[in-house]
Amino acid sequence: MTMRLRFAPSPTGYLHVGGARTAVFNWLLAQSAGGVFVLRIEDTDRARSSDEHTQVILDGLSWLGVTWDEGPFFQSEGVERHRADALRLLAEGKAYRDFSDPEQVRAEAKERGMHPSKVAREQADALGADGSDQRAVAGDPFAVRFRVPDGEAVFHDLVHGEMRFGSDDVDDLVILRSDGTPTYNLAVVSDDAEQGITLVLRGDDHLSNTPKQVLLYQALGYAQPTFAHVPMILGSDGKKLSKRHGATAVGDYSGQGILPEAMFNFLALLGWSPGDDREFMSIEELTEAFSADRLLKSASVFDTEKLEWLNGRHLAARPTEELVRALEEGLDGPGVERLGDPVWTAALLELIKPRSRTMNDLVEQARPFVTDDLAFDDKAVEKHWLKSPGEARERLSALLEAFSGVAWTHDELESALRGAAAKLEVGAGKVIHPLRVALTGNMASPGIFDVLVQLGRERSEQRVNSALERLAEAGAEEHESLS
RNA sequence: GCCCUCAUCGUCUAGUGGCCUAGGAUAUCGCCCUCUCACGGCGAAGACCGGGGUUCGAGUCCCCGUGGGGGUACCA
């Protein structure tokens, strides 16, 4: 029998990393086992669901590379079937009409220290089958409750093993509301059965719902699937992941320059491991290594730092052409046409790749090389220029002179610069730092000779010249304030 | 309250009764490389939640606590 799996998000918000991880596990299992992966949107809560949210979820899955074989199906399309299932249980005496007022039942249950469903069942039994029929015919509104049979609900869970729940701990649940709409627990069972799902892999927040569902499978005469309840993903404080923790939607991370394959890799490693020491893995390797029996039981914390480290590794592994495309999208204004030179751009990428963890980093690192509109870091300017504008000027003009005759190569520039520094009787660093600010506007950059070569003679000299102008102004002001 | 569930370095994890003096990764710190920042290399520090059992032997099995999470809805 081919394995059939499903991912069934509710479109009540964005695609949460926890949901994304569940989708990743399902996908991985379907791929590695040659199974079928079904996508179902659980949109029965019309008030909170929206097409917009559905689209965000679909986009998020596509971004991650999670593809589905069937669907998306919409739970709302199955309401007639859900209702028919509920009514069948009622007809077979496996469910009963509940005419009671929820408020009143809750109050009474609280007073008598019992569960509301017990009170509801008591009232229904007191009414009797005939009484129930009469009130129904008379048009009294009622909900339908499942009459939980005595015995045990048993199911097999791939991560928790055999699970047994006594029916005493399962309460008679409403399966059809008094407005005629089906409830979640009935709808999932009906849909999973209809769609032939053989393995339900979902978050363990559903673990306590499972006995109810198992009992419904049996009452309805549907084949019961195997389950796999995977642990939840927590925020950095060990609490349930929420907006407080910042980004929790996969879309947020793509906006921050996280690569989909890195996110996929990271999510796959949350609650699962290949059993050896591999961490940096391609989707192919993950598919190859994945197996449900290595799924973990305990919740894990979503650690952004490690995600970024992993992203850096995936970024370094990306083919140059793809990174170029990202730079083209991330940068604009005069100068971007330089990216059209594949040799120049490839060289640039070699310089900035090891210094970048996210795509956003990469774009920012590339900026001073690509555009001529430099953004100066105030701290860098203060430290390497304005502390002593005179010295900075002297050193930069010396460099301009020293560079004027030499071939524009890493080694030639290096000996020219070191020679100039020696002549000024200062360490090479003393000239390198003001030069770095002139060329990049920043305190940190790739090696200074690489920067010079990458910028080329003309642009390098222009930048040094405009630095000198700025320093001349600063020097004049300094003079004024001193006099 | 009741029911369920989980528990190894800060974090992700390896560990299925002797291979554990508890391994790896990340983060942190130090050193090396060096013009800065990264990368890289080397090194340090860092964990079996507590208590009882079972056993010749327990991180690993059992029980009880404690802590976290979930459920207990005419939400999904």
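Residue numbering for the first sequence follows the numbering used here, starting at 1 and increasing by one per position. Cβ atoms here follow ideal geometry from the backbone N, Cα and C, with glycine treated the same way.
(request) Please state if the CB of E70 and the CB of V36 are separated by a distance shorter than 9 Å. (result) Yes, the pair counts as a contact, with Cβ atoms nearer than the cut-off.
(message) Using 8 Å as the cut-off, can you tell me whether the region 152-160 makes contact with the region 225-235, which would need three or more C-beta pairs spanning the two stretches below that distance?
(response) In this structure the region 152-160 touches the region 225-235; the number of beta carbon pairs closer than 8 Å is three or more.
(request) Ignore the nearest five residues each way along the sequence and tell me which others in S32's own chain have a CB closer than 6 Å to its CB. (result) Beyond the five residues adjoining it in sequence on each side, S32 comes within less than 6 Å, by CB distance, of T287 and F290 in the same chain, given in chain order.
(request) Keeping to the same chain, check which residues put their C-beta closer than 8 Å to that of G570; ignore five residues upstream and five downstream. (result) With the chain covering only 1 through 483, there is no way to say anything about residue 570.
(request) Provide the residue(s) that pair with Y96 in DSSP beta bridges, ordered along the chain. (result) Beta-bridge pairing links Y96 to R145.
(request) Check T22 in the structure and name its three-state DSSP category. (result) In the three-state reduction of the DSSP assignment, T22 falls in the helix class.
(message) Relative to the C-alpha of S254, which candidate in D303, L471 and N311 has its C-alpha closest?
(response) Nearest neighbour of S254 by Cα position, chosen from D303, L471 and N311, turns out to be N311.
(message) Quick check on Q454: buried or exposed, where buried means 16 or more other Cβ atoms within 10 Å of its Cβ?
(response) Buried, because 16 or more other Cβ atoms sit within 10 Å of the Cβ of Q454.
(request) Quick one: give me the first and last residue of the alpha helix (DSSP H) that L216 is part of. (result) Unbroken alpha helix (DSSP H) run through L216: T210 to L220.
(request) Measure the C-alpha to C-alpha separation of G427 and T371 and round it to an integer number of angstroms. (result) Straight-line spacing of the CA atoms in G427 and T371 works out to 31 Å.
(message) Buried or exposed for K379, going by 16 or more other Cβ atoms inside 10 Å?
(response) K379 should be labelled exposed.
(message) Let's see if you can read the secondary structure: which residues bound the alpha helix (DSSP H) around G312?
(response) Run containing G312: T304 to A317, per the alpha helix (DSSP H) assignment.
(request) Quick one: using the 10 Å Cβ neighbour count with 16 as the cut-off for buried, is S62 buried or exposed? (result) That one is exposed.
(message) Among T54, R135, D171 and I175, whose alpha-carbon lies nearest the alpha-carbon of M114?
(response) Closest in alpha carbon position to M114, among T54, R135, D171 and I175, is D171.
(request) Pull up the CB-CB distance for E321 and L339, whole angstroms please, since I reckon it's below 8 Å. (result) Actually they do not touch by this definition, with Cβ atoms about 11 Å apart.
(request) Between the Cα of M3 and those of H16, T22 and L29, spot the shortest distance and give me the residue it belongs to. (result) Looking from the CA of M3, the closest CA among H16, T22 and L29 belongs to L29.
(request) Could you tell me the distance, in whole angstroms, from the CA atom of S466 to the CA atom of I448? (result) When rounded, the distance between both Cα atoms is 18 Å.
(request) Along the alpha helix (DSSP H) that carries T320, what are the first and last residues, could you check? (result) It spans T320 to G330 - the alpha helix (DSSP H) in which T320 sits, taken as one unbroken run.
(message) I'd like the span of the beta strand (DSSP E) that includes H530, first residue to last.
(response) A question about residue 530 goes unanswered here, because the residues of the chain that appear run from 1 up to 483.
(request) Taking the CB atoms as reference points, tell me whether L207 and A292 lie closer together than 9 Å. (result) Taking 9 Å as the cut-off, the Cβ atoms of L207 and A292 do not count as close.
(message) Considering only their Cβ atoms, is the gap separating V148 from L220 smaller than 9 Å?
(response) For L220 and V148, no; Cβs fall outside 9 Å.
(request) Report yes if the C-beta of R88 is less than 8 Å from at least one heavy atom of the ligand SAM; otherwise report no. (result) Among the components modelled here there is no ligand, and therefore nothing to report on the ligand SAM.
(request) Please check the pair R145 and Y222, which I expect to be a contact at CB under 8 Å, by giving their CB distance rounded to whole angstroms. (result) Between Y222 and R145 the Cβ distance is about 19 Å, and since that is not below 8 Å, they are no contact.
(request) Figure out for me which residue from T304, P182 and R457 has the closest Cα to the Cα of G246. (result) Proximity to G246 across T304, P182 and R457 peaks at T304, based on C-alpha coordinates.
(message) Need the endpoints of the alpha helix (DSSP H) that A380 sits in, please.
(response) Secondary structure note for A380: its alpha helix (DSSP H) is the uninterrupted segment D378 to V381.
(message) What would DSSP say about F280, mapped onto helix, strand or coil?
(response) It is coil, neither helix nor strand.
(message) I'd like to confirm the pairing. Which residues does DSSP put opposite V230 in its beta bridges?
(response) Assignment of beta-bridge partners to V230 by DSSP yields G203.
(message) Counting beta carbon pairs with one atom in the region 88-108 and one in the region 127-141, are three or more of them shorter than 8 Å?
(response) Yes: the two stretches touch, three or more of their Cβ pairs being nearer than 8 Å.
(request) Take every Cβ of the region 180-199, pair it with every Cβ of the region 65-82, and state whether three or more of those distances are shorter than 8 Å. (result) Yes, the region 180-199 touches the region 65-82.
(request) Mark P141 as exposed unless 16 or more other C-beta atoms lie within 10 angstroms of its C-beta, in which case mark it buried. (result) Under this definition P141 is an exposed residue.
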